[in-house]
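Protein chains in written order, with my numbering: chain A, 1 to 527; chain B, 1001 to 1512.
Beta carbons are placed, not taken as given, at the ideal position from N, Cα and C, and that holds for glycine.
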Amino acid sequence: MAAVGPSRRDFVALLLGAPVAAAIGCGSKQARIPPGQIIETGARRGHAVLRDGPPPTPTRWRDVEVAIVGGGIAGLTAAWELRRKGIIDVVIYELDDVPGGTARGSASPVTGYPWGAHYIVAPQHDQPDLIALLDELGAIESMRPDGTPVIDEALRCRELEERVFYRGRWYEGLYLEAGASVEDRRQRDLFNAEILRWSTFRDPAGRRAFSLPVSQASDLPELTALDKISFASWLDSKGFTSERLRWLCDYSCRDDYALDAAGTSAWAGLFYFASRRGAGASYQSVVTWPDGNGTLVRHFAKEVPIEPGVVVTRVDPDGTLVAVGPQGAFGVRAKHVVLAVPGFVADHLVPDRPKTVADYGAWAVANLHLRARPVERLGAPPAWDSVIRNSKSLGYVSATHQRGREHGPTVWTWFYPFTGPGDVARREVVDASYEDWAEVVLRDLELPHPQIRELVDKIEIAFWGHGMIRPRPGALFDPARLARLQPRGRIHFAHTDLSGIALFEEAFDHGLRAAREIVAARQATPA
Amino acid sequence: MADDKPAGRGIPASALYINVFVVATCGLVYELLAGTLGSYLLGDSVTQFSLVIGLYLSAMGVGAWISRRIDTNLAAKFLEIELAVAVIGGLSAPALFMAFGTVQHFQFVLLGFVFVIGTLVGLEIPLIMRLLEGQATFKDIISRVLTFDYIGALAAAVLFPLVFVPQLGIVRTSLLMGALNGAVALWGTWLLAPQLGKARIGLRIRAVLVIAGMVVALGFADRLTTFAEEQMYADPVVYSESSPYQRLLVTRGRSGFNLFLNGNLQFASADEYRYHEALVHPAMIAAETPPRRVLILGGGDGLALREVLAHPSVEAVTLVDLDPAMTQLGKTFPPLAELSRNSLEDKRVTIVNDDAMVWVDENRELWDAIIIDFPDPNTYGLAKLYTRLFYARVNARLSPGGAIGLQATSPLFARRAYWCIVETMRAGGLFVRPYQVTVPSFGVWGFALARKLPFEPPTRAPDVALRFINDAALAGMFEMAADMTALPVEVNHLDNQVLVRYYEREWKRWQQ
Ligand SMILES: Cc1cc2nc3c(=O)[nH]c(=O)nc-3n(C[C@H](O)[C@H](O)[C@H](O)COP(=O)(O)OP(=O)(O)OC[C@H]3O[C@@H](n4cnc5c(N)ncnc54)[C@H](O)[C@@H]3O)c2cc1C
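What follows is the structure, given as structure tokens:
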């Protein structure tokens, strides 16, 4: 095994900071790197065909009523909704070999595990479509009188949900209670009261201040003004200076947006906290599966014909579509098209449309296949989500937590958001080898689990260069964003990017909307 | 040759008397260790101590008698015997502890050790006297050797209960004495150097090895039983093991054995019959028809199983316990196997080592009776086995006329926790009859009897030989005194785990 060279140390320093990298130098520990690889998520094929390839000239043509471009949550939802409305002549063209986009999952003999999105927030009474979807999955135990579903207990994230590693010990929850001063607690309580106020707020039209999906939220000027400033300035203006509280806010932004609080719109920062609260006090349950939202992907994918490995290169408002598949170039004449690809791809496929603000956060996700659990240190017991407080990573999620297996083999999913500019991140990691990445992951996890290296059988790594669109100040209530929602001829747009925030509920919302636009268009022009 | 020289010439006599003192102290300590171990492990201290003392003294006689057969190489033989005492005596306590968990006729092993050590020590005193021969008058030698011998015995008798056992524990005391014996032997190779000639080199190496061996074993003693543990439990620890799942520990007290998992008492052999009869039989008789297929969740000690197997209707039992170390202990640890009447070896029984939460979800069979015996819900990992989801899954595995019996912590010490369990079972779709019994080592203990449809608690004791349950006991069990009646509680779910919080809050008040 090659020794850790200077470049690998630099890579560790780049991602985790100099102190962690410095530790590589000292100590003669022979650092074993378990076998593994970087997995493909479609970027290479996309670049090869869309960016670097010649424009294809189709020789074969086919007709379909609805062509859906992109097999992520948005595209899959559109197909699902169309089917519910009786429209079944539908094909999904998906660039990658598997559907799901950033919500895909995989499975090992031990457990399923996610590659990106790993939970949704339990729906409230005003989300009937999501309730219907979960009902199909058998995920609803019963309904409350107010129409709120009771989600299957086996899917409601089990205690302990989160723990945080700080100075050699695990603590329950994300907010570090231990050692909090009177002032820390005062600010935390004030902050919670503020969130509670927003979660129960209703505008004259009865809309929430921060709702999931964003399209249902109030557009009162006092609220949209929050999008003009950063979350950090908002916290400053309210006198929220407590380090513990600020850490929590920063963490939440990194977790959901791949941004720090200074880079996040205050509207989005508050949305993170306030949209997850139900009709009142308590937070909505987190709903999770071993392979994360991959379970939803698999459910959707059961019913629709999906053609994987197909890169769509051009979409015209008249419904024609040019694509390159495993058998070469072909064309599609569709009555309706759902374009469910990320904004920067949509801009490329449909030239003259209002441009997407191209701020994407990059993500690295690693799945570690463990043959056994490490011996636990003092403090909080293993949790679903284990966060390392002083790390730039987000820590890891245990795929077997929900099932209830506390012992034996498991898979951990490690998340790393690049909070800096996306293009910089993409350049920085372009040359990183599997070993470089594995070293980063292991060094990070060795902090709470010094013996982890020996327990890992395999590591798989994914780099999402355009992982998620980011709600920087001003992006959400940009008039151009709303303009992008408008259909162009026979093209209907659906993707989480259209919300300016990357969440399952957003992709789902746009998929539904696009499908309903098509249903409406069909009714207007009888076939 | 060494024996050509007059025995006593050139030997520093006073140093040899110190030798006598140490030999006597160590010898008596080994004897006391054996007596203590015997009474710890087998009970009946009067019998154990008289047997050990009697055998030890007579073995010393045997040693003294054999000593006349030793004519040559007196000094070397003396040191060899001393090293043998160091090894056998030093390792006696750890060896006996281990033997207790593995061999059937422990009493004989114990007495065997006593006899061998006694014989060796018995050999030493006459040899020392002969080594001193010529140094002083016979009457002086006799009086000094015996004086030091008896003072050594006094030192042992005083130090053993006051210092050794409380400060070091049994295993460490034994190893320390072994090391001391070894050290004295090492010293002896210098004292007796003229008599030893070349033999002294080999003896020195052996002595050093013995001392080193004892020191290493002292390190392992910490693994065998941690010092803290010995201090923590009122009774001596006779078995302990850390499995990947939990710490298993058995203590032996005046009244019998106690099993602890992660420091929590699971049963005391003296009164476990009350607990296990109460846990099992109500469910066995509440079932519509005599149960043929029974499921036990937890209960890897095999004691609930013993009660289940007492019912002639039972054809098949599956026992699901997370920890293979627990079911293995139940099978092979003689006192436990005996207590459970080897129930884990019964051919009707299938043992599964898996997490019950996952197993009940994957299992597709129906069971006429389900007995649930998990440790108290003091961690999230355990409390998941007390959730609505878990009971709903168990309910789905219960045959239409079947019944569930389960332990539910104390309704007196942890009243809310108890009623939380009952309410959670109800939320899982079961009809529940709460009941309680008194188990002296636990106090008032709570259970729950459940079925799929409303039912009356049973009134007639089963037709099996029982020590606790009769018609009267059965009638009393289902009555709750005023300080144990229901309180308003929340249902325990996987994602709220209120039970852990109730449990911790309530038990804390009783544990000062
Ligand atoms: C690391 C990470 C973690 C996340 N965690 C969560 C979470 O826990 N909860 C949550 O709600 N959300 C989470 N998200 C966000 C969530 O994954 C997304 O919001 C949601 O899945 C987006 O779905 P989508 O269909 O809009 O887009 P995508 O998933 O981007 O789907 C677009 C699809 O289009 C395909 N495509 C692109 N170009 C072409 C082309 N030219 N031709 C054909 N096909 C093409 C792509 O391959 C892809 O499959 C996470 C995101 C990331 C990156």
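At a cut-off of 8 Å between beta carbons, CYS249(A) makes no contact with chain B. Going by beta carbons, GLY467(A) and GLY361(A) fall inside the 8 Å limit. In this structure, ligand 1 has no non-hydrogen atom nearer than 7 Å to the beta-carbon of TYR360(A).
Taking 8 Å as the upper bound on Cβ-Cβ separation, chain B lies near residues ARG403, GLY404, ARG405, GLU406 and HIS407 of the region 397-424 of chain A. Contact annotation: LEU1146(B) and PHE1078(B) have beta-carbon atoms that are not nearer than 8 Å. Chain-ordered, the chain A residues with CB closer than 8 Å to the CB of THR1387(B) read GLU153. Of the heavy atoms belonging to ligand 1, at least one sits nearer than 7 Å to the Cβ of ALA103(A). At a cut-off of 7 Å, the beta-carbon of TYR396(A) does not count as near ligand 1: no heavy atom of the ligand is closer than that. When only Cα atoms are considered, ASN1378(B) and HIS407(A) end up about 18 Å apart. Its chain contains ILE140 as the residues whose beta carbon lies nearer than 6 Å to that of LEU134(A), once the 5 sequence neighbours on both sides are disregarded; these appear in chain order.
Scanning the region 1368-1428 of chain B for uninterrupted beta strand (DSSP E) segments of 3 residues or longer gives 1398-1407, listed from N- to C-terminal end. Secondary structure at PHE1106(B): helix, using DSSP grouped into helix, strand and coil. With distances taken between CA atoms, PHE504(A) lies nearest to HIS118(A) out of PHE231(A), VAL310(A) and HIS118(A). The CB of PRO1244(B) comes closer than 7 Å to the CB of HIS407 in chain A, given here in chain order. Unbroken beta strand (DSSP E) runs of no fewer than 3 residues, entirely contained in the region 88-154 of chain A, are found at 90-94, 105-107, 112-114, 140-143 and 149-151, following chain order.
Across the set GLY1213(B), ALA1337(B) and ASP1495(B), the C-alpha of ASP1495(B) shows the shortest separation from the C-alpha of SER285(A). Annotation: Cβ neighbours of PRO381(A) in chain B (cutoff 8 Å, chain order): THR1379, TYR1380 and GLY1381. C-alpha of PRO1166(B) to C-alpha of ARG377(A): approximately 30 Å in a straight line. Residues of chain A whose Cβ lies closer than 7 Å to the Cβ of VAL1358(B) are, in chain order, ARG403, GLY404 and ARG405. No heavy atom of ligand 1 is found nearer than 7 Å to the CB of THR295(A). If you look at HIS369(A), you'll find it in the beta strand (DSSP E) that goes 360-370. Counting other Cβ atoms within 10 Å of its Cβ, GLN327(A) stays below 16 and is therefore classed as exposed. Counting along the chain, the unbroken beta strand (DSSP E) around ASN1258(B) starts and ends at 1256-1261. For a Cβ distance threshold of 9 Å, residue set TYR1380 and GLN1497 of chain B lies close to LEU160(A), ordered along the chain. Listed as beta-bridge partners of GLN37(A) by DSSP are GLU460(A). Just so you know, the alpha carbons of LEU160(A) and LEU1186(B) end up roughly 58 Å apart. Each residue's CA atom was taken as its position, placing ARG244(A) and ALA1408(B) some 39 Å apart.
Residues of chain B whose Cβ lies closer than 8 Å to the Cβ of ARG156(A) are, in chain order, HIS1493, LEU1494 and ASP1495. Within 7 Å of the C-beta of THR413(A) there is not a single heavy atom belonging to ligand 1. The beta carbon of SER285(A) falls within 8 Å of a beta carbon belonging to chain B, placing the residue at that interface. Taking a Cβ-Cβ cut-off of 8 Å, the neighbours of ASP1355(B) in chain A comprise GLY404, ARG405, GLU406 and HIS407, given in sequence order. THR313(A) is positioned such that its CB atom lies closer than 8 Å to that of LEU50(A). At a cut-off of 8 Å, the C-beta of LYS1452(B) has no neighbouring C-beta in chain A. For the pair GLY489(A) and ALA524(A), the Cα-to-Cα distance works out to about 14 Å. DSSP places GLU439(A) inside the alpha helix (DSSP H), whose first and last residues are 434-446.
Secondary structure at ASN1470(B): coil, using DSSP grouped into helix, strand and coil.
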